[in-house]
């Protein structure tokens, strides 16, 4: 593993990978607590699977842009370390499954050879920055948001303020007021716009899906582009300090906004302004690399089936603002495709387009910069690859998370029912291949990775118990969600819960009713007109569990009887001294503070010192069985239990000591003094702990 130092140009990346390998060894030797290891592993994109002994690795691909070279590298890694299957997520990542934990460091190293990372793809971090897949080519966009999304990705990758938050943090960019980046359901959403020639963004904050979806609030109607990074820096600092940590179910930003309100949140943002290292952060959009389109001419071809070709053109082409070019949408069933196809796709776009593809929020692929004269050739090649199915972003294009196939949290199959619903649409409602008005999404549980609760028609995996206490797979049917544009959206209503095998019949009833009575209005408007109770009444007969057959107890895509179960857990950890582990981590944070101080990264050093002090306080509170929750709560409780009570003498209040970072600009002098404070506090904490153990 030491070869990473010579093979990888970036020493920071090399250290990261070596550290992951070291932590894996410590965990397997019983020297590292399972929960602590899980946190570190997830922040490196390594996620436990439902199947015992293997991992899912999530590859972080900012705003879904993938070069041909990177796609080949990902394919090589998937073949070497996984099964050759690539899964596109609803956050524009690629996931590969069935990876041996011990091989994840070398897998990561191979990816980094082409600047592909897994760092912070999972865990309580800033997740992948998503954006409209049409960014840069969108006919309605005021400017290309790609440079701004990329700047956010670079600024917050490995940034200490976002490494150990209470929960994940999701950011999106929308190219235009159509809001195809779905800002209203993100922790922080940016919608591009201009004012008097100045580039900027409408800013939405505090949105989210899950079991309790929340519509984001408008934080700024217009924020100049140079303000977005300082804003997000402050937002994350507030979330890190005041966000819930004890209850994962309430640890997202949306709950903090719900608790303190938008004005309360604005006040906390204002209090962080002195600590934020940049008051403005200009982004060099002009320096962002533009598309380089190949001038190579493809062979002349004749289209064998003109009708199929015209159907494909009518549904799968996306207009570009660049004259003479179009983008091609590839409908990817369930987001799954294989490395042999990926390599051929990489060759195609490199030879005859701009050498890149975009992954979409609907688990599809978009090829930008295709010359209109090249379309027959692209259609021929894509058809040979099985990637020319009509219906891109139409009703037949169903989104679904992996569900019980691989996910620990899956309750019922999402992929199996998705395949069946698509079959029903193709065979019984073929005209829906052209329908962009009905969006269908499926999740295997309430966490909404399939985004079911913002769909026109959504299904959520559940279970249902019969009167004789048998358990069958079930689906919650949700209706009426949708994206209204300009930061406005609707979350779907829960209508009925039905056995999973009745999912197709529910879809038939919904579509037949719409066709019979819709009178040409959009499905969104039709649902709004009729209301939840109307749909409940005609779907209610499907909820009856007294007449279930044996088939109803077998989930879609399965052959064995359904059993509701969370997937098999990850490797069992050994019980160790959690307090000692926390204090050891505090020392590691001190070392990080020293390193970044020496590098002149004062704001980073200050935050490492802050994290060390809070972590040390948490260790001593844990030693006395005091429940710890938010950082703000830890600071308050430590003052009460240790300082005010006289157990420890600090010469000041703990709050005053720790929160100096809010009263001082991030200078070299303050970073040095604050690091000394953190060192002294850790020494005091360790001395107290040693005395406590002796006296025990």
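Numbering (this note's numbering), first residue to last: 13 to 708.
Ideal placement from N, C-alpha and C gives every residue a C-beta, glycine not left out.
These figures come from a predicted structure and were not determined experimentally.
Where residue i falls, given that 16 or more other Cβ within 10 Å makes a residue buried
i, result
"residue 678", "buried"
"residue 104", "buried"
"residue 312", "exposed"
"residue 307", "exposed"
"residue 563", "exposed"
"residue 706", "exposed"
"residue 25", "buried"
"residue 456", "buried"
"residue 34", "exposed"
"residue 559", "exposed"
"residue 643", "buried"
"residue 271", "exposed"
"residue 210", "exposed"
"residue 159", "buried"
"residue 156", "buried"
"residue 41", "exposed"
"residue 151", "exposed"
"residue 460", "buried"
"residue 261", "exposed"
"residue 442", "exposed"
Reference residue i, options the options, closest by Cα
i, options, result
"residue 496", "172, 90 and 192", "192"
"residue 356", "85, 685 and 25", "85"
"residue 567", "549, 653 and 515", "515"
"residue 332", "536, 598, 420 and 148", "148"
"residue 626", "689, 613 and 321", "689"
"residue 502", "64, 196, 106 and 137", "196"
"residue 704", "165, 672 and 654", "654"
"residue 341", "297, 522 and 399", "399"
"residue 264", "272, 271 and 255", "255"
"residue 344", "337, 234, 353 and 447", "353"
"residue 248", "624, 599 and 288", "288"
"residue 61", "109, 373 and 560", "109"
"residue 69", "106, 78, 477 and 46", "106"
"residue 658", "624, 700 and 454", "700"
"residue 336", "383, 214 and 418", "383"
"residue 673", "623, 697 and 189", "623"
"residue 235", "203, 228, 253 and 261", "203"
"residue 478", "561, 201, 684 and 32", "561"
"residue 165", "246, 251, 74 and 78", "74"
"residue 279", "266, 111, 250 and 305", "250"
Sequence-distant residues of the same chain with beta carbon closer than 7 Å to residue i, five excluded per side
i, result
"residue 169", "131 and 132"
"residue 608", "616, 617 and 620"
"residue 126", "81, 82 and 85"
"residue 675", "286"
"residue 518", "489, 510, 551 and 554"
"residue 293", "238, 241 and 242"
"residue 465", "221, 225, 490, 493, 503 and 504"
"residue 59", "67, 68, 70 and 134"
"residue 128", "71, 82, 85 and 86"
"residue 163", "241 and 295"
Same chain, Cβ closer than 8 Å to residue i, five either side skipped, listed in chain order
i, result
"residue 555", "508, 509 and 510"
"residue 640", "257, 258, 630, 633, 634, 646 and 649"
"residue 361", "80, 367, 368, 369 and 379"
"residue 448", "405, 406 and 407"
"residue 440", "520"
Limits of the beta strand (DSSP E) - the one that residue i falls within
i, result
"residue 110", "106–111"
"residue 339", "337–342"
"residue 211", "210–217"
"residue 511", "505–511"
"residue 261", "Segment: none, residue 261 is in no beta strand (DSSP E) and carries neither H nor E."
"residue 99", "97–100"
"residue 709", "Residue 709 lies beyond the stretch modelled for the chain, which goes from 13 to 708, so this question has no answer here."
Where the alpha helix (DSSP H) through residue i begins and ends
i, result
"residue 688", "680–707"
"residue 378", "It is not in any alpha helix (DSSP H) - residue 378 instead sits in the beta strand (DSSP E) that spans 377–383."
"residue 438", "427–440"
"residue 201", "Taken as a continuous stretch (DSSP letters only), residue 201 belongs to no alpha helix (DSSP H), being part of the beta strand (DSSP E) at 200–207."
"residue 164", "158–168"
Cut-off 6 Å between Cβ atoms - residues of its own chain near residue i, not counting five sequence neighbours on either side
i, result
"residue 451", "467 and 468"
"residue 539", "491 and 492"
"residue 32", "56 and 117"
Three CB pairs or more closer than 8 Å across the segment 110–123 and the segment 298–315: The count of Cβ pairs closer than 8 Å, one atom from the segment 110–123 and one from the segment 298–315, stays below three, leaving the stretches out of contact.
Meets three-Cβ-pair contact criterion under 8 Å: the segment 139–153 and the segment 176–192: A contact exists between the segment 139–153 and the segment 176–192.
Cβ pair count under 8 Å reaching 3, the segment 219–229 against the segment 196–205: Cβ pair count under 8 Å is three or more, so yes.
Sufficient close CB pairs (3 or more, under 8 Å) joining the segment 406–413 to the segment 422–435: Verdict: yes, contact present.
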